[in-house]
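> I have a structure here, written as structure tokens, and I will follow up with some questions on it.
There are 4 protein chains.
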Amino acid sequence: MCRWAAWMGAPMFLEEVISRPEHSLIAQSQRAEETKTAINADGFGAAWYNHRPEPGLYRDVHPAWSDANLAALAHQVRSPLFLVHVRASTGSNISRENCHPFTHGRWSFMHNGQVGGFDCFRKQADMLIDDAHYNARRGATDSEAIFLHALGLGLDVDPLGAMARAVGDLQDLSERHGQGPHMRFSAAFSDGARLYAVRYASDARAPSLYYRYLSDAAGYMVVSEPLDDAVGDWQAVPSGTALIFDGSSMETAAFAPGALRQAA
Amino acid sequence: MCRWAAWMGAPMFLEEVISRPEHSLIAQSQRAEETKTAINADGFGAAWYNHRPEPGLYRDVHPAWSDANLAALAHQVRSPLFLVHVRASTGSNISRENCHPFTHGRWSFMHNGQVGGFDCFRKQADMLIDDAHYNARRGATDSEAIFLHALGLGLDVDPLGAMARAVGDLQDLSERHGQGPHMRFSAAFSDGARLYAVRYASDARAPSLYYRYLSDAAGYMVVSEPLDDAVGDWQAVPSGTALIFDGSSMETAAFAPGALRQAA
Amino acid sequence: MCRWAAWMGAPMFLEEVISRPEHSLIAQSQRAEETKTAINADGFGAAWYNHRPEPGLYRDVHPAWSDANLAALAHQVRSPLFLVHVRASTGSNISRENCHPFTHGRWSFMHNGQVGGFDCFRKQADMLIDDAHYNARRGATDSEAIFLHALGLGLDVDPLGAMARAVGDLQDLSERHGQGPHMRFSAAFSDGARLYAVRYASDARAPSLYYRYLSDAAGYMVVSEPLDDAVGDWQAVPSGTALIFDGSSMETAAFAPGALRQAA
Amino acid sequence: MCRWAAWMGAPMFLEEVISRPEHSLIAQSQRAEETKTAINADGFGAAWYNHRPEPGLYRDVHPAWSDANLAALAHQVRSPLFLVHVRASTGSNISRENCHPFTHGRWSFMHNGQVGGFDCFRKQADMLIDDAHYNARRGATDSEAIFLHALGLGLDVDPLGAMARAVGDLQDLSERHGQGPHMRFSAAFSDGARLYAVRYASDARAPSLYYRYLSDAAGYMVVSEPLDDAVGDWQAVPSGTALIFDGSSMETAAFAPGALRQAA
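For the protein sequence lines, the chains are H, B, C and R, in the order given. Going by full-length UniProt numbering, the first residue of the first sequence is number 1, and it counts up by one from there. Going by full-length UniProt numbering, the first residue of the second sequence is number 1, and it counts up by one from there. Going by full-length UniProt numbering, the first residue of the third sequence is number 1, and it counts up by one from there. Going by full-length UniProt numbering, the first residue of the fourth sequence is number 1, and it counts up by one from there.
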């Protein structure tokens, strides 16, 4: 499993999430608390929106705490919308191509969780990716496969619908060819205009997800686990829920791949 | 394009190919002479057979000349059969997974050349890889795809036949979906018992291939371009030819993917 | 030898120097024209000033052309003052600590050139670095030694004077313990308020230096070699000269370590 | 703090220490038990003796568990004498130059421990290194400084005496300029003919050290902490002790830098 955090609001230095808080993402890469893997040292990444429609992306395989370049970037780069991730591999190689976030055009995506038994059906999963997006497949993670499949299903047109169908299709492959738990999915994605966060699992153990509104920075922090001990300020997100952040407003919606698949 | 060299004979330090000769592989990574790309600095790799049935594999993305670990390995490791490669990317990312040689079980494989327009049909190429070998697909190169497809076609049983069919299938995809030149293929592969080298192209410009018998080391050096100026000692290999090295004997055979495909 | 470029003016994306021009820094890392080493692939670095008094610093050992992180950074980061460098090692290891620019507090520094026979007196050179700055010594380059020594000599108070004395001291060590050419020094440094560029050598062969005023971007580009073929627009800087850029004004001054040393 | 292991005996694959045991060095890099830092993920290294007088050296900054090259090397390389180390930084940068073991000529050296307040007197420590060995100073660790100083003091002629004097000199610098605890020193070093291990501290808390004789492999394993739970077989080494392994014999001697310094 992994840990991640996202921000949407007034421009903020990346380090306000990556390193400065008491239980920052770098701290979580060494001592995560709400997940089985305390150590998340198989790489890190940051995707940030600023002057361009497409996000910048910085990823590397070193543990987050030991990378001077990440520290410099985090200290210097300010952005109104960014996604940051520290990785604990669930099977695939340690390489930059397998680090989150993944980006494609304006979209960025990161994931905490797993598709059960993915190695048993990676070929079928790759084949779900449509021709237009196949060349963006650079690594071997289940996460990248979900993202690229969702792009092909119309992430541009119906973000939550496309993501739900993609998650549903991968869960279906796991049920037919893989092993349980079939789908654990706590993810964030953005097109630079809105930020989406989803918490879902095929069983009762969806990876944790919280959000918090920071009034002085007029924005929302969305995280795998709280960045500090101000417990009352962090809202836990129920499983089967999607959050849509648009400027300083937030909406919720149900997220139910199972239902979508039954309908199809 | 890339440069490579292979050895089969008495145990030899890897540096006798990697760094010591006048026009060693490291020299060729900076100043190759018989290829368009003089610089081959997009990574390197070495696969060597010694105490195990499966080969050791060391690959990294740094230019070969600047890696202290490679220098140490080359100075220390002796092997009777090894493959070494310096890479110039023909499109895919610079990452360890895209460096040659590739290995699987006892097999190792490296390639100089290109499958024309590969990005236009990478999906179909990946789909050629059979289920048993798909999980070994770690990168995005045409070379790795040829290798894994050949494994699925029975490289164990009929090495040259399987490789010819794999090359033919990829050439066919290029003719239908890609662009010319469709296939440039100068490759070496081994199962630890024999060393195979092939020179082939769909047109008249197969990447160069030479071999040389070293009597004092009782073995064969096979290379993209000669490691020194002892011109008379290096034999050029004609296009459409395969060499089979077995101990200190060498055989030649025709290598004709086109013919195989016509038969199929 | 190396290649570098610096900008001071209206905020500009780093890629306007790193990758977009016809003969960008990345192009120069593969095909430099005005230096002996055509290939400058032993690492790269960028230091940029923006929201903070101290600069951001991103350095890595990969060739500049193959680093996706650098490409993303260059595409996303805009800065009114930045220094960028691609390295060809003159002896010391390939490591991040030996890549330019070097930074300390508000200062950044990069160098093209060499102190002759540095390995013969590295110990004495290191000893020149004052106690307050010694812990900033992370690598083994002559360049970092010049920078840290200059800091100790009062770079804050008298930038050109301190740099001239530092260069003079290192040249002196080379004359006494090293070998010719004793000092080749084409450098740029900044405190975030002004940009300084110097061209100097102990002999007649100072590494090249040019500058150009871009009126539409209201600023100055300073480079090892021109970024494009607009020959008339690039002004060659004479040896023994320092340029001081302050906002959109430029002054010149003599740079003469020899004279300073005679006076001392 | 760090973890390390060394072997001297019949040729053994490096993986018998690096990865195969229940509590192998890679396991210790994630869950060390006898030290404050459970995670030792700031790099690793292996030095091995085989066909050459000087050892091979492979070091990198990735966590040991995630490096495919290390796994391959460990699986393929057999050696009768090797030193392996996983690092937890005590202050200096994460870089290859700061990873253990360090080598120079025939000598290799690795260290678990710390020189208290080293950053307060690194300059004086560097100045202890004699001219003949100064150019070997590539990093900024206290460990490399001890090693190079010991070389200058005659490690070739009197290994334990030179090492004791070097340790004493660094401890002295710490007492005068640094902070307690002044010296923690659990180290192994070799010239390829003998293997030395030392356990020492300026206070009562010397880092742990054990050894074990493997009769079937006719050799000695020396470790920071046992590689498995066969408790009775691992002998704890008292503080203030040096072990000298020569072929299959072992001697002990007192190790007392304090005494040497008083005598001087």
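Beta carbons are placed, not taken as given, at the ideal position from N, Cα and C, and that holds for glycine. Since we're looking at a predicted model, the values are computed, not measured.
Please list, in chain order, the chain C residues whose beta carbon lies closer than 7 Å to that of Ile-94/B.
Ser-66, listed in chain order.
> Counting Cβ pairs, one atom from each stretch, are 3 or more of them under 8 Å apart for the segment 98-115 of chain R and the segment 181-198 of chain R?
Touching, yes.
> For the alpha helix (DSSP H) containing Gly-161/C, name the first residue and the last one.
Taken as a continuous stretch (DSSP letters only), the alpha helix (DSSP H) holding Gly-161/C covers 159-177.
> Can you pull the chain C residues whose beta carbon is under 9 Å from the beta carbon of Asp-233/B, in chain order?
Chain C residues near Asp-233/B: none, gap ~30 Å exceeds 9 Å.
> Counting only Cβ-Cβ distances shorter than 9 Å, please list the residues of the segment 144-169 of chain H near chain B, keeping chain order.
Those residues of the segment 144-169 of chain H that come within reach of chain B (Cβ to Cβ, closer than 9 Å) do not exist; the list is empty.
> Contact criterion: CB-CB distance below 8 Å. Does Ala-10/C meet it with respect to chain H?
With 8 Å as the cut-off, Ala-10/C does not count as an interface residue toward chain H.
> Go ahead and pull the three-state DSSP assignment for Pro-80/C.
Pro-80/C: strand per DSSP, three-state reduction.
> Could you work out which residue in Ala-71/R, Gly-232/R, Gly-139/R, Phe-245/R is closest to Tyr-196/R when comparing CA atoms only?
When each option's Cα is compared against that of Tyr-196/R, the closest is Phe-245/R.
> Could you work out which residues of chain C lie near Gly-178/H, taking near to mean beta carbons separated by less than 9 Å?
Here the premise fails: no neighbours, minimum Cβ distance about 31 Å.
> Given a limit of 7 Å on CB to CB distance, which residues of the segment 39-65 of chain H reach chain R?
Cβ contacts with chain R come from Ile-39, Ala-41, Asp-42, Val-61, His-62, Pro-63.
> Could you check which residue in Gln-235/C, Asp-67/C, Ala-204/C, Ser-239/C has the C-alpha nearest to that of Met-250/C?
Measuring from the Cα of Met-250/C, the nearest candidate turns out to be Gln-235/C.
> At a CB distance below 8 Å, what residues from the segment 6-32 of chain B approach chain C? Give them in sequence order.
Residues Gln-30.
> Between the alpha carbons of Gly-9/R and Ser-190/R, how many angstroms are there, rounded?
Their backbone Cα atoms lie some 13 Å apart in a straight line.
> Closer than 6 Å by C-beta to Cys-120/B: which residues in its own chain qualify, once you throw out the five before and the five after it? Chain order, please.
Result list for Cys-120/B: His-177, Gly-178, in chain order.
> Let me make sure I understand the geometry here. Which of Thr-141/H, Ile-146/H, Arg-199/H, Gly-139/H has the alpha-carbon closest to that of Asp-130/H?
Among Thr-141/H, Ile-146/H, Arg-199/H, Gly-139/H, the Cα nearest to that of Asp-130/H is on Ile-146/H.
> Assign Asp-203/B to buried or exposed, taking buried as 16 or more other Cβ atoms, counted over all protein chains shown, within 10 Å of its Cβ.
Counting Cβ neighbours within 10 Å, Asp-203/B comes out exposed, since fewer than 16 surround it.
> Contact defined as beta carbons within less than 8 Å: I believe Leu-128/B pairs with Asp-169/B. What is the distance between those atoms, to the nearest angstrom?
Contact flag correct, Cβ pair sits at about 6 Å.
> Short of 7 Å in beta carbon distance, which residues of its chain neighbour Leu-151/B, apart from the five on each side in sequence? Order them along the chain.
Cβ neighbours of Leu-151/B beyond the five flanking positions: His-104, Trp-107, His-133.
> For Leu-73/H, would you say it is in contact with chain C, using Cβ-to-Cβ distances shorter than 8 Å as the test?
It does; some Cβ of chain C falls within 8 Å.
> Determine whether the beta carbon atoms of Ser-24/R and Gly-116/R lie at a separation below 8 Å.
No; because the gap between Cβ atoms is not below 8 Å, this pair is not in contact.
> Determine whether the beta carbon atoms of Ala-64/H and Ser-29/H lie at a separation below 8 Å.
Closer than 8 Å, so yes.
> Please confirm if the segment 68-82 of chain R is in contact with the segment 136-146 of chain R, defined as three or more CB-CB distances below 8 Å between the two stretches.
Judged by Cβ distances under 8 Å, the segment 68-82 of chain R makes no contact with the segment 136-146 of chain R, as fewer than three pairs qualify.
> Between which two residues does the beta strand (DSSP E) containing Phe-44/B stretch?
Segment 44-49, the beta strand (DSSP E) holding Phe-44/B.
> Using alpha carbons as the reference points, say which of Phe-118/C, Pro-226/C, Asp-233/C, Tyr-200/C lies closest to Ser-215/C.
Selected option, being the one with the closest Cα: Asp-233/C.
> Which stretch, first to last residue, makes up the beta strand (DSSP E) that contains Glu-97/B?
First-last for Glu-97/B: undefined, no H or E at that position.
> Where does Arg-199/B land, buried or exposed, given buried means 16+ other C-beta within 10 angstroms?
Buried is the call here.
> If we define contact as Cβ-Cβ less than 8 Å, is Gln-262/C a contact residue for chain B?
Only weak support is given to the placement of Gln-262/C: the predicted model assigns it a pLDDT of 44, under 50, and the value that follows is read from those uncertain coordinates. No, Gln-262/C does not count as interfacial toward chain B.
> Residues of chain D with CB closer than 7 Å to the CB of Gln-76/H, please, in chain order.
Annotation note: the requested chain D is absent from the structure, which comprises protein chains H, B, C and R.
> Closest by CA to Val-231/C, which one among Ala-217/C, Tyr-210/C, Thr-241/C, Gly-247/C?
Nearest option by C-alpha distance: Tyr-210/C.
> Would you list, in sequence order, the uninterrupted beta strand (DSSP E) runs of no fewer than 3 residues that lie entirely inside the segment 213-249 of chain H?
Here the runs fully enclosed are 219-223, 241-246.
> Closest Cβ-Cβ distance between Tyr-220/R and chain C: below 8 Å?
It does not; no Cβ of chain C falls within 8 Å.
> Please check if any C-beta of chain C sits within less than 8 Å of the C-beta of Asn-98/H.
No, because no Cβ of chain C sits closer than 8 Å to the Cβ of Asn-98/H.
> Identify whether Asp-119/C lies in helix, strand or coil by the three-state DSSP scheme.
DSSP places Asp-119/C in helix when its eight states are reduced to three.
> Is Phe-44/B closer than 8 Å to Arg-87/B when the C-beta atoms are compared?
Yes.
> Quick one: list the residues of chain C neighbouring Arg-138/R, beta-carbon separation under 7 Å, in chain order.
Those within 7 Å of Arg-138/R in chain C are Asn-93, Ala-140.
> CB Glu-225/R to CB Glu-16/R, shorter than 8 Å?
No. Outside cutoff.
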